[in-house]
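Everything on this sheet refers to the single structure shown next.
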Amino acid sequence: MRRLPVFIAAYFIFFAGILHAQTYNPFGPMNPLPPNTVMPQSLGQKGYNEFWNYHFYLDQDIRLHVTFSMVDFGSLKAPVSGIRISVQNFDGRTWQVSREYPIERLTLDQSRFRVRLHPERNFYFEGKLPQEHRLAIDFTKDGISYNIQLEFSDIQPGMMWGDGHYGVRDGGLTIVTHIPYARVKGHIQINDKKLNVTGTAYMDHTWQFESSVRMIHSAYKFVSHRGADNWDVVYFILPQARGEHQTVGHRISNHNGSIRHYGINRIVSHQGERVDGKTVFNRIIIGAAGGGQLELRRTENREVHPTFGELSWIARRGIRSVLGGEVIDFRGRGVLIDDGVRVQGEYNFIIID
Numbered sequence: 141m142r143r144l145p146v147f148i149a150a151y152f153i154f155f156a157g158i159l160h161a162q163t164y165n166p167f168g169p170m171n172p173l174p175p176n177t178v179m180p181q182s183l184g185q186k187g188y189n190e191f192w193n194y195h196f197y198l199d200q201d202i203r204l205h206v207t208f209s210m211v212d213f214g215s216l217k218a219p220v221s222g223i224r225i226s227v228q229n230f231d232g233r234t235w236q237v238s239r240e241y242p243i244e245r246l247t248l249d250q251s252r253f254r255v256r257l258h259p260e261r262n263f264y265f266e267g268k269l270p271q272e273h274r275l276a277i278d279f280t281k282d283g284i285s286y287n288i289q290l291e292f293s294d295i296q297p298g299m300m301w302g303d304g305h306y307g308v309r310d311g312g313l314t315i316v317t318h319i320p321y322a323r324v325k326g327h328i329q330i331n332d333k334k335l336n337v338t339g340t341a342y343m344d345h346t347w348q349f350e351s352s353v354r355m356i357h358s359a360y361k362f363v364s365h366r367g368a369d370n371w372d373v374v375y376f377i378l379p380q381a382r383g384e385h386q387t388v389g390h391r392i393s394n395h396n397g398s399i400r401h402y403g404i405n406r407i408v409s410h411q412g413e414r415v416d417g418k419t420v421f422n423r424i425i426i427g428a429a430g431g432g433q434l435e436l437r438r439t440e441n442r443e444v445h446p447t448f449g450e451l452s453w454i455a456r457r458g459i460r461s462v463l464g465g466e467v468i469d470f471r472g473r474g475v476l477i478d479d480g481v482r483v484q485g486e487y488n489f490i491i492i493d
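Sequence positions in the sequence shown follow our numbering and run 141 to 493.
Right under this line is the structure:
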């Protein structure tokens, strides 16, 4: 009987270790990405959720965000491919639109590294990274026509930390950075208004086997582009908003051609404010591997983009109740503070509501 408390203590230590192990960052160095990793990595597997997230910071004070997706809803709905677009500050307003197609319409061209959502529609990205890349969008919805054509140049090589797998709860997700920095040029046209644009671009690619709304509480991204040899990317995910605020994620930085990376392990403290009826972190102190800390602040809110924002309130409420919530993007300007050094950039915070 005297050994029973020892057994119980050992059991709880072991069990606590399992719980802790459910949230972890990858191990090892930053590895180069083979060109074929830009193609779908989870298609055909049960419960796949895969996303290609493009962020464009254009010199004309326009911000363009494009997300390509492939989602298996299980028994709720047939699998689809889709696209979400937002164009900030184009012709004095923000434009938000989305489309989706049955997954059977998805067409893949391995030789051209092309992912196209529909064989008869111009929704695609293509090109062997980092040598070349382009994005094309051309469609009409609700009487509004959109045409976006962008060519990439000066593309910095993509990378993946270890095997790219970030542990969250019982499963996890894979995050790879295909384009930490690139130059872009082309045009954006909405209806009869057409603008030639230039700027920089960032793109990451994630896949998992559970819906984001059931896996995480929120996610935080900060990108600063100062040049091909000077940029910062911070991307971390909060699985649950209680306890020690343990996170998974990373900071990747290039300073004068020297690339460094380390893990983002926790949110040390935070301050929130109400934005569009939701509580969003305004100032966050985050803990990095090795004991260092960073501060991330939002300085200007430019956009709120709910996943189902185009639907009526009743339809939106119904879908949210079935899926367990929706993803809401908050975007704008921000600043990263590292040991007193301030880096200006752009934030994209994702809240599950």
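C-beta atoms are modelled at their ideal positions from N, C-alpha and C, and glycine is treated no differently. As the structure is a prediction and not an experimental result, all values here were calculated from the model.
Residues near residue i by beta carbon distance below 8 Å, same chain, minus five either side
| i | result |
| --- | --- |
| Y306 | Y164, N165, P166, G312, L313, T314, I315, I377, V388 and G389 |
| N176 | Q250 and F253 |
| M170 | M299, M300, W301, I392, I399 and H401 |
| P259 | R245 and T247 |
| F279 | R239, R261, N262, F263, S285 and Y286 |
| E486 | H195, Y197, R203, F362, V363, S364, R471, G472, R473 and G474 |
Inter-residue Cα distance where the pair is residue i and residue j
| i | j | result |
| --- | --- | --- |
| R323 | Q289 | 14 Å |
| R309 | R354 | 10 Å |
| V255 | H385 | 37 Å |
| G427 | I407 | 6 Å |
| D231 | D201 | 11 Å |
| W347 | D212 | 12 Å |
| I277 | G431 | 44 Å |
| R281 | R442 | According to the sequence provided, residue 281 is Lys. The question's Arg does not apply to it. Taking the straight line joining both Cα atoms gives about 24 Å. |
| H365 | D303 | 26 Å |
| V237 | P446 | 11 Å |
| I148 | N405 | Only weak support exists for where I148 lies, its pLDDT of 33 falling under 50; the coordinates are left without a value. |
| Y286 | G168 | 43 Å |
| L434 | R423 | 11 Å |
| R456 | R473 | Legend: pLDDT at R456 = 45, less than 50; position of this residue unreliable, no value from coordinates given. |
| S182 | E266 | 18 Å |
| S352 | E466 | 9 Å |
| L257 | L275 | 12 Å |
| K325 | I223 | 21 Å |
| D372 | D479 | 15 Å |
Buried/exposed call for residue i, threshold 16 Cβ in 10 Å
| i | result |
| --- | --- |
| V361 | First, the residue type needs correcting, since residue 361 is Lys and not Val in the sequence shown. Buried, because 16 or more other Cβ atoms sit within 10 Å of the Cβ of K361. |
| I284 | exposed |
| L204 | buried |
| V481 | exposed |
| S293 | exposed |
| Q484 | exposed |
| D469 | buried |
| L436 | buried |
| T419 | exposed |
| H395 | exposed |
| A341 | buried |
| P270 | buried |
| P379 | buried |
| N331 | exposed |
| R471 | buried |
| R438 | buried |
Whole-angstrom C-beta distance between residue j and residue i, which should lie under 8 Å
| i | j | result |
| --- | --- | --- |
| H357 | I492 | 6 Å |
| K334 | H327 | 6 Å |
| Y188 | F349 | 6 Å |
Residues near residue i in its chain [Cβ-Cβ closer than 6 Å; skip 5 each side]
| i | result |
| --- | --- |
| F421 | H410 and G412 |
| V206 | Y194 and I225 |
| H345 | W192, V316 and H318 |
| A359 | I377 and I490 |
| Q228 | R203, T234, R442 and E443 |
| L198 | V337 and G339 |
| D416 | V444 |
Residue-level contact to chain D via CB, residue i, 9 Å cutoff
| i | result |
| --- | --- |
| S238 | Any reference to chain D falls outside this structure, which holds one protein chain only. |
Contacts around residue i, its chain only, beta-carbon distance under 7 Å, and the 5 residues preceding and following it disregarded
| i | result |
| --- | --- |
| K268 | P175 and F253 |
| V462 | Summary for V462: the model assigns pLDDT 47, below 50, so the residue's position carries little reliability; its value from the coordinates is reported in the next sentence. Closer than 7 Å at the Cβ level, and outside the excluded window around V462, lie L216. |
| A368 | D294, Q296 and Y321 |
| I135 | For the chain, the structure presents residues 141 to 493; residue 135 sits outside this window and is missing. |
| N370 | N394, H395 and N396 |
Bounding residues of the alpha helix (DSSP H) (the contiguous stretch that carries residue i)
| i | result |
| --- | --- |
| R354 | S352 to M355 |
Start-to-end residues for the beta strand (DSSP E) that takes in residue i
| i | result |
| --- | --- |
| Y164 | Y164 -> no beta strand (DSSP E), and no H or E assigned at all. |
| I295 | Unbroken run through I295: none, as it is neither H nor E. |
| F376 | N370 to L378 |
| K361 | S358 to G367 |
| K186 | First-last for K186: undefined, no H or E at that position. |
| P242 | R233 to P242 |
| S221 | V220 to F230 |
| H385 | No beta strand (DSSP E) holds H385; DSSP gives it neither H nor E. |
| I277 | R274 to K281 |
| P203 | Note that residue 203 is Arg in the sequence shown, not Pro. First-last of the beta strand (DSSP E) with R203: R203 to V211. |
| F421 | K418 to A428 |
| R309 | No beta strand (DSSP E) contains R309, which DSSP labels as neither H nor E. |
| G474 | V467 to D478 |
| S398 | S398 to V415 |
| R482 | V481 to I492 |
| K334 | K333 to Q348 |
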